[in-house]
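Worksheet: one structure, shown below.
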Amino acid sequence: IVGGRRARPHAWPFMLNGAHLCGGVLVAEQWVLSAAHCLEDAAGGKVQVLLGAHSLSQPEPSKRLYDVLRAVPHPDSQPDTIDHDLLLLQLSEKATLGPAVRPLPWQRVDRDVAPGTLCDVAGWGIVNHAGRRPDSLQHVLLPVLDRATCNRRTHHDGAITERMMCAESNRRDSCKVSLHAWEETRGPQAPGRACRGSGKRGASRNRAQGRGGARRGGNWNRGGA
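In mature numbering (1 follows the signal peptide of the UniProt record, and there is no 0), the protein residues as written are -24 to -1, 1 to 201.
Here is the structure:
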């Protein structure tokens, strides 16, 4: 998260992390949604999930590490593209739920988020282009950019598909973290519908920032989980 600020502790009870490989979101008691490209960097394919964390280094009573029983990448995911860049991780057991660990509420209607909507993006990824990593969860508000503008030649030149969403960066961005965004309908302490998304490979300095998304991947996500 570039240009963001530290999140309020455990204000994002569906966010999770490991020894920071990638972020993700808890979507059911035994399932996590992340990005398919995260498996490329997993040593020997070994993946664990840390739930209930705000700080990566400090002891917290809500923290617990879970083994992953199996990883299920989207069947259309490819290593050279962020289209369909989705991954389901089945935990070895159901997560212990509480104030700091809760599944993400799903968006009920499969539709694009309106341009200009402020979305909250959170993660433990690097906080500047020099690569500095935070210890605590960071978040930043970004406005959604319409897909036609994002696909202009001066931005992403047609690379943004209907399964992705764009947000304006303007010196604020998500950088090497999985994207989860909330549509702010009632203020920052009362999030509304979820705008689902997944990871992107690195930060862009362009004003239009593309996101891997799951707007039309809902059947695969819900079927797997």
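Glycine included, C-beta positions come from ideal geometry on N, C-alpha and C. Model, not experiment: these values are computed from the prediction.
Per DSSP, the beta-bridge partners of arginine 46 are Gln66. Between the stretch 67 to 82 and the stretch 95 to 108, the count of C-beta pairs closer than 8 Å stays below three; the two stretches do not touch. One Cα belongs to tyrosine 42, the other to glutamine 6, and the distance between them is close to 10 Å. For arginine 40, DSSP records a beta bridge to Leu27. Counting along the chain, no alpha helix (DSSP H) covers cysteine 95; the unbroken beta strand (DSSP E) around it starts and ends at 94 to 99. Threonine 93 and leucine 117 have their C-alpha atoms spaced approximately 10 Å apart. A residue is called buried when at least 16 other Cβ atoms come within 10 angstroms of its Cβ; serine 53 meets this threshold and is buried.
Judged by beta-carbon spacing, valine 89 lies beyond the 8 Å limit of glutamine 66, meaning their Cβ atoms are not closer than that value. For alanine 4, the enclosing beta strand (DSSP E) begins and ends at -1 to 4. Here proline 55 is actually not in contact with histidine 105; their C-beta atoms are around 24 Å apart, not less than 8 Å.
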